[in-house]
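Residue numbers (our numbering): 132 to 650.
Put into structure tokens, the structure is as follows:
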């Protein structure tokens, strides 16, 4: 039975509504300002529910503040469009004010005070140093930023990826300079590159005219040796990422990219030496982006990728740019944006018609994967056939760049299996994954872990529950050893598929072995 609201209590809601309307505030505006939903405010205003005392105080304080501000000329539309940076950061992570208060309280051991979060966002109240330190740790921001940048400027920004700046050599250097270090601490797990920006990127990158920097300056004879030494370190950095995962590699790669950027900023290199250094920068940015993607930092990954694409353009290296686009396309796929991924993949292939056959095969496989995700089996199969023919042409030749060395028969087999898995062709995916796991080099440890997790998913789809559990149990130590968020997520995802078999001995044994990984 619903309790009737006494007249004096329902008057509270009417007063709030009258004051709000007198100030020209929409219900949704006031609700957002005091941290509740519009439907709940409607219930309060109509007398259906009573507001808590703290909520009533917030509402009255907000209305009083709006009353005070109403005679001051303010562009209210601009004000609404620029919420407090903390509110932006919180919303990006899907946290309510209550959740943020809980996280801070857990770190400093104090009470959970949602009202403080509201005051930080709406009353320009500055958190104390202890709270700011806890918040910085929670957001993955270096604590030393608190001493160099005042509140709230040290909070992570919400800038998107720049795709509109002209494709010039100076712009490439500027992009590198603004990316290194900054992208490393960008922990956003979503993309900022919208569909329109992705289309602009796909259209502008291959067609932009190369614009070099200023006239050549004098350089000493050690420049070529320096670039050669940087080139020689690239395989080691790729291996670090392949063996140990993105978490172990990205800070080292970013530091190397900073070194390259500082040399480019000096502006003393020209001609083939400068192009080679831009190639190094582009590949380092790609590896850093891939490492960031591997640990779930998607905004960081796309920033590295787009910066790497600018470096590849400055190097006049379309194959390198296409490989970076290929990586960006997978980022789009795993963000459930397959159509945007297809736009990028099409651009990469069209721009590299004269590239080495191994490069073209690699790009065709990525496009095939996208068509599989879009449930276009015939087009996927056609592209896989093209990739197989192109790779056959490439075998025995060494005219391809080093970053595509990984793409051989074993990798083609694994990627073909991935397409079949997505399309529900589990007999084919199981057979091909067995071959891929057998033939893949052990130096590509993280990829082997991925393929074994795919094996378990494929086995489970065929009803082989015990075999799937065995595969997951055997793979769990590798998942634990690698700093790969994507593989941990894959393990958790396959475990979710085992829910209908809860309580069976195989699943119970698996849970004992993987509990800490899936928690």
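All residues carry an ideal CB built from backbone N, CA and C; glycine is no exception.
* Start and end of the alpha helix (DSSP H) containing residue 478? -> Segment 469-481, the alpha helix (DSSP H) holding residue 478.
* Assumed close pair residue 326, residue 434 - CB separation to whole angstroms, cut-off 8 Å -> Rounded, the Cβ-Cβ distance is 17 Å, inconsistent with contact.
* First through last residue of the alpha helix (DSSP H) which encompasses residue 534 -> Residue 534 -> no alpha helix (DSSP H), and no H or E assigned at all.
* To do: Determine the closest residue to residue 501 out of 468, 183, 526, 532, with distance taken between C-alpha atoms.
  => Closest in C-alpha terms to residue 501, from the list 468, 183, 526, 532, comes 468.
* To do: Write down every uninterrupted run of the alpha helix (DSSP H) in the segment 343-396 whose length is 4 residues or greater and which is fully enclosed by it, in chain order.
  => Segments of the alpha helix (DSSP H) lying fully in the segment 343-396: 354-375.
* Given residue 203, which residues of its chain have a CB within under 6 Å of its CB, disregarding the five upstream and five downstream residues? -> Confidence at residue 203 is low in this model, with a pLDDT of 39, below 50, so its placement is unreliable and the value that follows should be read with caution. No residues qualify anywhere along the chain.
* With DSSP collapsed to three states, give me the class of residue 299. => Here DSSP, grouped into helix, strand and coil, assigns residue 299 to strand.
* Asked: Secondary structure at residue 428, three-state DSSP: helix, strand or coil?
  -> When DSSP states are grouped into helix, strand and coil, residue 428 belongs to the coil group.
* To the nearest angstrom, report how far apart residue 147 and residue 257 are at their CA atoms. => Going from the Cα of residue 147 to the Cα of residue 257 covers about 28 Å.
* residue 504 classed as buried or exposed, judged by whether at least 16 other C-beta atoms fall within 10 angstroms -> Residue 504 is buried by the Cβ-count criterion.
* **Own chain residues within Cβ distance below 6 Å of residue 645, not counting five before or after** => Cβ-Cβ distances below 6 Å link residue 645 to 607 in the same chain, with the five nearest sequence neighbours on each side left out; the list follows chain order.
* Asked: CB of residue 632 to nearest heavy atom of the ligand ADP: below 7 Å?
  -> No copy of the ligand ADP appears in this structure; indeed no ligand is present at all.
* For residue 645, which of helix, strand or coil comes out of DSSP? -> Three-state result, residue 645: helix.
* Asked: Rounded C-beta distance between residue 551 and residue 592? I'm assuming under 8 Å.
  -> Not confirmed; about 11 Å, so no contact.
* Asked: Counting pairs of beta carbons, one from the segment 167-185 and one from the segment 226-241, are three or more of them closer than 8 Å?
  -> Because the criterion of three Cβ pairs below 8 Å is not met, the segment 167-185 and the segment 226-241 do not touch.
* **Whole-Å CB distance - residue 303 paired with residue 445, under 8 Å assumed** => Indeed they touch by this definition, with Cβ atoms about 4 Å apart.
* Asked: According to the neighbour-count rule (16 or more other Cβ atoms, all chains shown, within 10 Å of its Cβ), is residue 153 buried or exposed?
  -> Under the 10 Å beta carbon count, residue 153 is surrounded by fewer than 16 other beta carbons and is classified as exposed.
* To do: Name the two residues that bound the continuous alpha helix (DSSP H) containing residue 314.
  => No alpha helix (DSSP H) contains residue 314, which DSSP labels as neither H nor E.
* Separation of residue 439 from residue 415, as counted between CA atoms -> Looking at the two C-alpha atoms, the distance is approximately 8 Å.
* Please name the residue, chosen from 286, 143, 598, 331, that lies closest to residue 272 on a Cα-to-Cα basis. => That would be 286, whose Cα lies nearest to the Cα of residue 272.
* To do: Compare the C-alpha of residue 367 against each of 381, 354, 355, 316 and name the closest.
  => Checking every option, the nearest Cα to that of residue 367 belongs to 381.
* Of all the options 572, 547, 309, 248, which has the alpha carbon lying nearest to the alpha carbon of residue 373? -> If we check each option's Cα against that of residue 373, 572 comes out closest.
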